[in-house]
Amino acid sequence: MHVRPGSWGAGVGSRLHEGFVRLLRERSLSTGVLEAWERNSRARTFYARHGWRPDGHSRPGPCDAEYLRLRLELGGLESGG
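So the numbering used here is basically just the index in the sequence shown, starting at one, shifted up by 17.
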């Protein structure tokens with residue numbers, strides 16, 4: 018998911034994230050998985066704030082940077098994110 022820079026800080030990303038978590042729960046899934054570009058510290062900070070953690074896997078990405086795989090375990094999280 019991407020949010021245009023002009024919309025950063027307006028809650029758009031958090032609403033998209035809440036919708037994704039809601040979708041996981043509706044489908045009775047307990048884990049979400051995504052990739053974030055290693056150099057995108059803003060995205061990695063956003064995901065960490067929402068409970069995502071690196072799972073130790075990565076793959077090559079552009080400009081000699083890696084894509085890091087992140088995982089969200091839903092057990093114990095309140096409904097809605």
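Even for Gly, the Cβ is constructed at its ideal location relative to N, Cα and C.
Give the single residue among V38, G73, R21 and W54 whose Cα lies nearest to the Cα of D81. Of the listed residues, the one whose Cα sits closest to D81 is W54.
Helix or strand or just coil, what does DSSP make of E83? Correct three-state label for E83: strand.
Tell me which same chain residues have a C-beta within less than 8 Å of the C-beta of E47, skipping the five on either side of it? First, the amino acid is wrong: residue 47 is Ser here, not Glu. In the same chain as S47, and ignoring 5 residues on each side of it, the C-beta atoms closer than 8 Å to its own belong to L41, E90, L91 and G92, in chain order.
Cβ-Cβ separation, V20 to V29 (assumed contact under 8 Å), whole Å: About 5 Å separates the two Cβ atoms, so the contact holds.
Specify the secondary structure class of V50 as computed by DSSP and reduced to three states. Three-state result, V50: strand.
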